[in-house]
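One structure below.
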Amino acid sequence: MKVLYNSLFKRTSTYAIGIMFSAFFFERTFDVLSETIFESANKGKLWKDIKHKYE
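Every number in my numbering is 6 more than the matching position in the sequence shown, counting from 1.
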């Protein structure tokens with residue numbers, strides 16, 4: 007635990023950078039996961055599924 011504190015949390019700048027990277031990866035993961043769930047719940051109703059009928 008002390009190694010983690012000394013390497014990441016001791017300096018404010020490294021702590022802030024760690025928070026920024028964590029927020030970026032969390033946001034990206036959440037976006038991909040929610041998009042996958044939405045598309046699987048609405049399969050057959052989305053434009054990409056019915057586009058061939060109208061072109």
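Ideal placement from N, C-alpha and C gives every residue a C-beta, glycine not left out. Note that the coordinates shown come from a computational prediction; the quantities given were computed from them, not determined experimentally.
Q. Can you tell me the Cα-Cα spacing of residue 25 and residue 48, whole angstroms?
A. Straight-line measurement puts the Cα of residue 48 at about 34 Å from the Cα of residue 25.
(Q) Mapping the DSSP letters down to three states, classify residue 26 as helix, strand or coil. (A) helix
Q) If we ignore side chains and look at the alpha-carbon of each, how far apart do residue 57 and residue 30 end up? A) 33 Å
Q. Can the beta-carbon of residue 27 be found less than 8 Å from the beta-carbon of residue 21?
A. no
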